[in-house]
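Undergrad: Read in my numbering, the sequence shown has 1446 at position 87, and its numbers run on one by one without any break.
Yeah, the Cβ is synthetic: ideal placement off N, Cα and C, and Gly gets one too.
In this text, all values refer to a predicted model and were calculated from it rather than measured experimentally.
Below is one structure. I have some questions about it.
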Amino acid sequence: MARTVAAMAMIALALVTVVLGGYFFAVLVAGAATMMYFEWSRLVRGWGVGWHVAGFLYALVPAIAVLWIREQPYLGLSMVVWVFIIVWATDIGAYFAGRAIGGPKLAPSISPNKTIAGLVGGIVSAGLAGWAWVDFSGVPSVFIWLAPLLAFAAQAGDLFESWLKRRANAKDSGTWLPGHGGLLDRLDGLVVVAPLTAFVFAGLIR
């Protein structure tokens, strides 16, 4: 129950602030990026300055990407919602497919709970949800085909964060989100999806 309530609260906060845009969304994104860097720094303590620089970029790049997308006068709001939908649908689809189907593990040495069924479930879920949002909102149709690819990329981002935690001998990046761990645990997919979406979107509006 706590996990569901926390997830709904985060989704509501994200949607309200992205609709409001401007200062409200900028504050949310800046706060999230700061917390991500804080959690990263705790994980890599003692690993050397290079890891802290990498963590700064890890938090900064997706923050800039999502802020840039939102500020675009042409479909900026719809595109940020598309990013959120892909990340959320990937996580939800992977979670339920993995639990319902099980089967072979995806990367047992990195994340023992992730399965190939979960990978496929996340891709299918994001593909369908992304398609529905494109059809509803008028987002460029190329994003229908990019949705499954970015869902795969999001899960690669999830695996990287799992590897980081395993190397740090930590179960979660934090403990402040009931049932979810830390913010890195929830935004590891967005770290990949937001910059890739911004790159494609920038090419389309030139």
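Give the straight-line distance between the Cα atoms of M1438 and P1421, rounded to the nearest whole angstrom.
TA: Going from the Cα of M1438 to the Cα of P1421 covers about 14 Å.
Undergrad: List the endpoints of the continuous alpha helix (DSSP H) containing L1487.
TA: It spans 1475-1496 - the alpha helix (DSSP H) in which L1487 sits, taken as one unbroken run.
Undergrad: Mapping DSSP to helix, strand and coil, what is A1466?
TA: It is a strand residue.
Undergrad: Would DSSP call P1471 helix, strand or coil?
TA: P1471: strand per DSSP, three-state reduction.
Undergrad: Kindly list the residues whose CB is nearer than 7 Å to the CB of W1522, restricted to its own chain and excluding five residues on each side of it in sequence; keep chain order.
TA: So the qualifying residues of the chain are I1469.
Undergrad: Please identify the residue among I1460, T1474, A1488 whose C-alpha is closest to the C-alpha of A1466.
TA: Here the closest residue by C-alpha is T1474.
Undergrad: Rank Y1396, M1395, T1376, F1397 by C-alpha distance to the C-alpha of L1387 and give the top, closest one.
TA: Considering only alpha carbons, the answer is T1376.
Undergrad: Is the Cβ-Cβ distance between G1480 and A1453 less than 9 Å?
TA: Contact: yes.
Undergrad: Leaving out five residues on either side along the sequence, give the residues of the same chain with a beta carbon under 7 Å from the beta carbon of V1446.
TA: Counting only Cβ-Cβ distances below 7 Å, and skipping sequence neighbours, we find A1513, G1548, L1549, V1552.
Undergrad: So which of L1487, K1464, V1412, G1486 has the shortest CA-CA distance to A1476?
TA: When only C-alpha atoms are compared, the closest one is K1464.
Undergrad: Quick one: using the 10 Å Cβ neighbour count with 16 as the cut-off for buried, is T1556 buried or exposed?
TA: It counts as buried.
Undergrad: Name the two residues that bound the continuous alpha helix (DSSP H) containing S1521.
TA: S1521 -> alpha helix (DSSP H) spans 1501-1527.
Undergrad: On the three-state DSSP scale, how would you describe V1578?
TA: The structure shown has nothing for residue 1578, since the chain only spans 1360 to 1565.
Undergrad: In whole angstroms, what is the alpha-carbon distance linking M1395 and A1515?
TA: So the alpha carbons of these two residues sit roughly 18 Å apart.
Undergrad: Could you say which of W1399, A1424, R1404 lies nearest to F1415 if we only look at CA atoms?
TA: If we check each option's Cα against that of F1415, W1399 comes out closest.
Undergrad: Which whole-angstrom value is the C-beta distance of A1488 and A1448, which I expect to be below 8 Å?
TA: Their Cβ separation, rounded to whole angstroms, is 4 Å, which keeps A1488 and A1448 in contact under 8 Å.
Undergrad: Counting along the chain, where does the alpha helix (DSSP H) carrying D1544 start and finish?
TA: Segment 1542-1546, the alpha helix (DSSP H) holding D1544.
Undergrad: Report the residue from W1490, L1478, K1524, L1509 whose alpha carbon sits nearest the alpha carbon of F1455.
TA: Among W1490, L1478, K1524, L1509, the Cα nearest to that of F1455 belongs to L1478.
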